[in-house]
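Positions 1 to 205 (full-length UniProt numbering) are the ones given, in order, by the sequence shown. Just so you know, even glycine gets a beta-carbon here, dropped at the ideal spot from N, CA and C. Note that the structure is a prediction, hence the values are computed from the model and not measured.
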Amino acid sequence: MKSDTVLVDFSMTALDYLKSKERNINLGQQDSTRSWQPNITITLADNTVYPFKGYVDFAEPQVDPQTGTFSVRAEMPNPKQVLLPGQFTKVKLLLDVREGALVVPMKAVTIEKGGAYIYTMRKDNAVEKRFIELGPEVGNNVVVERGLAEGEMVVVEGFHKLTPGMKVRVSQSDAEAQDSITATKNEVVGAKENVTGMKDNAKGE
């Protein structure tokens with residue numbers, strides 16, 4: 001018999017698994033204290049994103065010593081039988097959501113032996129070299145864990161010509177080529193992609 005759900009089996013690295021544990025994310029277990037649950041989205045062969053989300057219902061409690069990965073399983077709605085058993089697809093697993101995370105463009109960050117730093121602008125238009133603690137990368141942005149406050153101006157272009165204390169003029173005539181941005185808080189989603197197969201979730205009675 002056909003089922004209106006399929007099981008999606010995939011794997012995640014031991015490092016990602018440990019990071020999820022650090023954030024108290026227990027894959028395969030519902031947590032009523034969170035506003036979200038670990039879930040997956042999949043990309044079909046035509047590169048469109050499947051309109052339903054699947055929810056993780058099982059995670060192998062031990063690592064595979066040969067691959068260094070954990071096995072994870074999610075149940076995905078399949079009301080129109082679009083997904084077929086044995087089909088391979090690209091899976092993106094939602095690992096983390098940080099509400100109110102402070103993010104800046106990666107291109108604004110310089111990394112050296114002493115750590116990562118950015119240039120911020122003070123109210124008198126002088127620039128300040130600021131060391132920051134980086135969090136996870138999300139697309140072209142990176143989370144700033146410490147060292148920057150919401151609303152501070154961050155230099156994203158031309159900072160290689162600057163020295164601390166130098167006064168600058170901000171050019172914002174072109175929205176596509178701003179020299180600085182304002183640090184803002186956002187909802188940041190951490191996700192990992194994987195290619196995996198599916199099997200039917202039909203149950204006989």
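Going by DSSP in three states, alanine 59 sits in which element: helix, strand or coil? In the displayed model, alanine 59 falls within a strand according to three-state DSSP.
What residue does the beta strand (DSSP E) around arginine 122 start on, and which one ends it? First-last for arginine 122: undefined, no H or E at that position.
Sequence-distant residues of its chain with Cβ nearer than 8 Å to threonine 5 (five each side left out): Glu75, Met76, Pro77, Asn78, Asn201
Do the segment 87 to 105 and the segment 57 to 71 make contact, defined as three or more Cβ pairs closer than 8 Å? no
Do you know how far the Cα of alanine 14 is from the Cα of proline 85? 27 Å
Quick one: does aspartate 46 have its CB under 7 Å from some CB of chain C? Protein chains in the displayed structure number just one, and chain C is not present.
Would you list the residues sitting across from glycine 54 in a DSSP beta bridge? Paired residues: Ile40.
Starting from arginine 169, trace the beta strand (DSSP E) in both directions and tell me its first and last residue. Segment: none, arginine 169 is in no beta strand (DSSP E) and carries neither H nor E.
Using C-beta distances below 8 Å, list every residue in its chain close to alanine 116, excluding the 5 sequence neighbours before and after it, in chain order. Val109, Thr110, Phe131, Ile132, Glu133, Leu134
Using 10 angstroms around the beta-carbon of methionine 166, count the other beta-carbons present and answer buried if the total reaches 16, otherwise exposed. exposed
Please state whether the Cβ-Cβ distance between tyrosine 17 and phenylalanine 88 is less than 7 Å. Not closer than 7 Å, so no.
Under the three-state DSSP convention, the category leucine 94 falls into: Note: leucine 94 maps to strand in three-state DSSP.
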